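Contents: one structure, followed by commentary.
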Amino acid sequence: MFNNLLSGEAWSEALRILRLEFPAAVWETFYVTLLASLFAFLIGLPLGVLLVAGDKDGVLPLPAWLMRTLGVIINLLRSIPFLILMVLVFPITRAIVGTVVGTPATVVPLVIAAFPFVARLSESSIREIDPNIIEAAQSMGASPLQIIFKVMIPESIPSLISNATIAVTTILGYSAMSGVIGGGGLGKIAMNYGYYRYKYLVMIFAVILLILLVQLFQTFGTKLAIRSDKRLKNRSE
Amino acid sequence: MIEIKNLTKTYKTPDGSVEALKDVCITIPDGDIFGIIGMSGAGKSTLVRCINMLERPTEGTILVDGTDMGLLDKKQLRAARRKITMIFQNFNLLMQRNVLKNVCFPLELSGLPKAEAKEKALELLKIVGLEDKANVFPAQLSGGQQQRVAIARALATEPEVLLCDEATSALDPNTTRSILELIRSINEKLGITVIIITHQMSVVETVCRHVAILDNGTVVEQGDVGEVFSKPKTPAARRLVFPEGDTDPVIARDSDETFIRVVFNGGHATSTPLIAQLAIEKGIAANISYASTRNIGDGVYGSMLLGITGGRENIQQAIEYLQKTPGVVAEEVIVRV
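Now the structure itself:
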């Protein structure tokens, strides 16, 4: 099946497609990923904070049934395979975007799939904070909201950035999958040319570009996390 | 004045309830430096956390200047906590904020405008001797410096009471001394009541005026530091005052010596050769079986175990002679060989 892979004809065609379709596809993948990540964080981060703060011994204890419900919903959403989730949330997508196909429409399932993941990641970041520091803030008369906004979140920024990077690369992977239901981007090109039309070289190009995007996000995220961490010694400000 | 009345704290654990504190009564006068000493697990940390209601007492009351801390609502309690601040064993600074912003933190919480908070924080950093470190981050500071920042932070809201929870336990002896000196000068200059929780005798000896010994959740002895430490009555107090205990004195098996424990509680000056004078003036030769003394400030602290031969009369004379010296307490003890 790969015997024609490197023929001159295949190469020239693949390069033509690369020139014509890839710039738009890379851009679509890029912006869908970032947009979905943004919304996933807007929902997931507060939930993550709530998962920590709302604990029985947390700074803002919430009723146990509420915490349990929250936990169940998050686990439930996380256990649905993304391909199936995309189809399941069609009604929601239609209500928000007006259509279920096309690039903007893929943002909705991506956010729904990613926010529970982001919530769990944020939760683990915030749990890393030394509980003694929170106790110290309480001893200074900090209110629960002050502890959340002035201690919990700022103190876990480096870890949050690391985890955000993991989330963004995962969302990038999901966004490529959305090519199946008519989303745009590199995933669509890989599906259309590689799977439906046996143009493997095009598919390989798409995969390479996806790898490069992941590398880009990961490198940038790691650098940012290290830069933001004031615990690392001997850094001049 | 802080009055701790019949304080009891019970924790529920899967294996039943644990009484961390049992009927603790302590009164701490204004402007005092009060030590609460005990082994780990004695309930010290729980006790100090009950004072600012970080832990809710199961029974009993905490009165701070007559106000029952347990009856305050959330908002009043937060206001009260600004007047009863705390420093910790591990400093608990915000690691992502620089020194200046750490000191500003409690002021920020109380809603003071940024510029004013900054000005005040710089002033406080000067008091703790770290004005040149305002813009560095805690991770770049030594333990002693971090504790100074924590002290500046604790002073920011102009507290009336400073709670020190094992504040020097993570520091080396020299740093401990300088931090204790700082605490003492704060107590003297600002008139802040200081409560020091520690397991280190030396800390209490160095700065405290009064002390309570906590053992297994109860106060076994309390009073003036000199009095309590020179005549520890209870086994728990003895364990603290003589941590080396009866372990290592060098005693011959066939010894016919009788033993006198000599306790130095700071009044005796280093310069007098006490044991030599006992020999010269009274003609009693004392065999030093064990000695552990140290100089703190200008006094001697610690204890010695003297073996004396020659019957009851000699012993009586020696005890009388030693007792006459200020800051020295002597008593006969039975030593197991």
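Same order as they appear, the protein sequences are chains A and B. Each residue of the first sequence is one higher than the last, beginning at 1 in the working numbering. Each residue of the second sequence is one higher than the last, beginning at 1 in the working numbering. Every residue gets a Cβ at the ideal spot worked out from N, C-alpha and C, and that includes glycine. Keep in mind the model is a prediction, meaning the values are calculated, not measured.
Beta-bridge analysis with DSSP links Phe30/A to no other residue. Within chain B, the residues Asn92, Leu94 have their CB atoms less than 7 Å from the CB of Ile133/A, given in chain order. Look at Phe137/B: its C-beta is under 7 Å from a C-beta on chain A.
Taking C-beta atoms under 8 Å as the contact rule, Ile308/B and Thr258/B qualify, at a distance of about 6 Å. Within the stretch 30-78 of chain B, the complete alpha helix (DSSP H) segments of 4 residues or longer fall at 44-51, listed in chain order. Within the model, the alpha-carbon separation for Glu331/B versus Arg78/B is close to 50 Å. If you look at Arg312/B, you'll find it in the alpha helix (DSSP H) that goes 311-324. Of all alpha-carbon atoms in Asn132/A, Pro91/A, Gly54/A, the one lying nearest the alpha-carbon of Leu70/A is that of Gly54/A. With fewer than 16 neighbouring CB atoms inside 10 Å of its own CB, Pro91/A falls in the exposed class. Of the residues Ala105/A, Met177/A, Gly58/A, Ile171/A, the one whose Cα lies closest to the Cα of Ile148/A is Gly58/A.
Spanning the alpha carbons of Thr157/B and Cys164/B requires a straight line of approximately 16 Å.
In summary, the residues of the stretch 139-157 of chain A whose CB is separated from some CB of chain B by less than 8 Å are Ser139, Met140, Gly141, Ala142, Ser143, Gln146, Lys150, Val151, Pro154, Glu155, Ile157, in the order they occur in the chain.
Shown here, Ser292/B sits in a strand according to DSSP, grouped into three states. Near chain B, meaning a CB-to-CB distance below 9 Å, the residues of the stretch 209-233 of chain A are Ser228, Asp229, Lys230, Arg231, Leu232, Lys233. Taking 9 Å as the Cβ-Cβ cut-off, the stretch 56-82 of chain B approaches chain A at Lys74, Lys75, Leu77, Arg78, Ala79, Ala80, Arg81, Arg82, given in chain order. Between Gly143/B and Ala167/B, the C-beta spacing is not below 7 Å.
For the 7 Å CB-CB criterion, Ala20/B and Ile87/B do not form a contact. When Cβ-Cβ separations below 7 Å define contact, Ala14/A makes no contact with chain B. Listed by position along chain B, the residues whose Cβ is nearer than 7 Å to that of Ala164/A form an empty set, because the closest Cβ is around 16 Å away.
For Ile197/B, the number of other beta carbons within 10 angstroms of its own is at least 16, and it is reported as buried.
Listed along chain A, the residues sitting closer than 8 Å to Asn52/B by beta-carbon distance are Ser139.
Shown here, Thr157/B sits in coil according to DSSP, grouped into three states, outside any helix or strand. 7 Å or more divides the Cβ of Leu107/B from the Cβ of Ala115/B. Using a CB distance below 9 Å, no part of the stretch 189-207 of chain B faces chain A.
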